[in-house]
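Quick note: the sequence shown uses the numbering used here, first residue 148, plus one each step.
Worksheet: one structure, shown below.
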Amino acid sequence: MGRGAKSVKKVKVNMEKNSIAQNILHLFYSTALSSTLNAVALIILASYLHSYNYGLFSVALAFAMIMGYFTDAGLSDIVLREGSKKKADVSILISSYIKLRFILLVFTFLAGFIMINLFSNNDELVRTSYFLTIPMVTGIALQSIGTTFFQMIEKMQYYGFIRIMSALFLVSTISLGILFELAPVTISIIYGCSYLAAGVFGVILVTRRVSLRFKGPFHKALFHNLGAFTLGGLLFVLLPHLGPLVLEKTISLSEVGLFAVAYRIPQALQQIPFIVAGAYYPVLFRAFNNNRLRDHLNFNLAQIKIMALIGMGMTIPFFYMSSFVVHFLFGEQWAEAAFPLKILSLMLTFQAINIALADGLTTRGKQNTRTTIQSISILIGIILYAGFSRSYGVVGAAIAGVGIEVFSLIGFLVCIPNRWIIAKKAIIPYTLFFTSSLLLIGKWLSSYALLASLLNMLLLLVIVWLDRDLRVKCINYLHTFLTKMKENRENRRVEDGI
């Protein structure tokens, strides 16, 4: 009896949720820190491996990330859906989730190793893929258990803590590997082990907050609509890695390395819009599951606007200052990656909007629609990457990457409910204002990249001011934040006896 009561108490404590603003704040600083550390690891690794070995590593990494997804197969989204329902038994839900993840991990390794050997005749690539995927895929599975649990209970400080630890482990191990001048294959092993260490850390955090009951009943609702979530999630994970997988067949590995360096910067920064997506996702599920459709629409509109602004803010410096960024971060030997980076920076805006639109579909119970759009985008992506890279090399590949996101945006907007409201209030005014300012300022101040960036950043504030709903939200959040700070100061003074 005492043991059961203890388990219930554990779950109850964790179910006290943060507000959306608190979760965004926690995700912001953790994502900023982890993304910075990951970027440092990227810079160090690119400088050490050079173009051929980095191209080899990028293809192996694409295999690892896709295999890592198959250990989840869309289950994390289903756990968030089930956890948002009333009377959800968190202990049984998470225990069932872990059981399925373990089974999927075993099958993923069996199928993945077969695919690696079938896909490539390059022994060096096969060997690198093996050494990277075994620890990394296991680590991804374990990390996802932790991050999904804390996202479900809306305690994003722990979600961020796991990601920060993963980035710290990554930078530390890569730095040590380079310090001791280890071989590229050995670097791949320690790269994967950094994910594994963070995964173990994440699972430990979960076990301290909820009792796992592996001998208890299974949460059968995890299988409901699993196929659509599995395919949709696979396509979402595959899309960022589609480039290296296709380009390995159309251009040289050295050119793949150039593309990978240019692509990894926007890919790493894509995590920043996920700050907002991660905070809104469980809230959107809860609103729809409780039939609060107007609230769902308002939440989704706010998410789209905020994520669009974040995407635009990240696009601006890389669009105008791509040459400086590449020279500063990677050195002269990577100069050819500057123009592809300028093109790929546009992805940051389109990706941010697409994520918000796709979340709107999923949380409305339209995962099949999302999956269909992603499937079409993948097919279009293969055609664009293959055709454009053969004709225009790395620059063509960069254009293909942006083209995929544009097609996805059109598809999501056409299929989402309340499309006209969303288009009128968010998509059309935001994208038109931004593209116009980006091109006009770029034309007038083409020789003054820093000035162009600063001016365009200031114009983003104009968007916020002109959008009444967003302006009111910002003022309210600021007022709440200042009020809480004042209350905390007064409480501290009382405690100190002042």
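For every residue, glycine included, the Cβ atom is placed at its ideal position computed from N, Cα and C.
Since we're looking at a predicted model, the values are computed, not measured.
Residue 594 carries a coil assignment under DSSP once its states are collapsed to helix, strand and coil. Here the alpha carbon of residue 473 sits roughly 32 Å from the alpha carbon of residue 576. DSSP, reduced to helix, strand and coil, places residue 371 outside both helices and strands of the structure shown, so it counts as coil.
Along the length of the segment 534–599, whole alpha helix (DSSP H) runs at least 4 residues long occupy 566–569 and 575–591, reported in chain order. The shortest C-alpha to C-alpha distance from residue 187 to any of 475, 406 and 353 is the one to 475. Secondary structure at residue 328: coil, using DSSP grouped into helix, strand and coil. A distance of 9 Å or more separates the beta carbons of residue 557 and residue 580. Sequence-distant Cβ neighbours of residue 285 in its own chain, meaning closer than 6 Å and more than five residues away, are 343.
By the beta-carbon neighbour count (other beta carbons within 10 angstroms, threshold 16), residue 433 is buried.
Here the alpha carbons of residue 448 and residue 230 stand approximately 23 Å from one another. Put simply, the backbone Cα of residue 287 is about 23 Å away from that of residue 498. Residue 216 is not a Cβ neighbour of residue 393, given a cutoff of 9 Å. Under the three-state reduction of DSSP output, residue 350 falls in the helix class. Between residue 406 and residue 291, the alpha-carbon positions lie close to 28 Å from each other. Comparing alpha carbon positions, the residue from 297, 317, 338 and 559 closest to residue 349 is 297. Between residue 442 and the set 430, 452, 179 and 451, the nearest pair of CA atoms involves 430.
For residue 474, the enclosing alpha helix (DSSP H) has its first and last residue at 469–477.
Note on geometry: alpha-carbon atoms of residue 282 and residue 213 lie some 14 Å from one another.
Annotation: the segment 204–266 contains no complete segment of the beta strand (DSSP E) (minimum length 3 residues). Beyond the five residues adjoining it in sequence on each side, residue 223 comes within less than 7 Å, by CB distance, of 291 and 295 in the same chain, given in chain order. Collapsing the DSSP output to three states places residue 357 in coil. Between residue 484 and residue 559, the C-beta gap is not smaller than 9 Å, which leaves the two residues out of contact.
With 16 or more other Cβ atoms from the protein chains shown falling within 10 Å of its own Cβ, residue 314 counts as buried.
Ranked by Cα distance from residue 438, the first of 452, 500 and 511 is 511. The three-state secondary structure of residue 399, taken from DSSP, is coil. Bounds of the alpha helix (DSSP H) holding residue 271 are 270–299.
Around residue 606, the same chain offers 584 as residues with beta carbons nearer than 6 Å, after the five sequence neighbours per side are excluded. Taking a cut-off of 8 Å on C-beta distances, the segment 536–545 does not touch the segment 583–599, as fewer than three cross pairs fall below it. About 6 Å separates the Cβ atoms of residue 338 and residue 279, confirming a contact at the 8 Å cut-off.
Within the same chain, 420, 423, 499 and 503 come within 6 Å of residue 454 by CB-CB distance, once the 5 residues on both sides are set aside.
Residue 534 places its beta carbon 9 Å or farther from that of residue 551.
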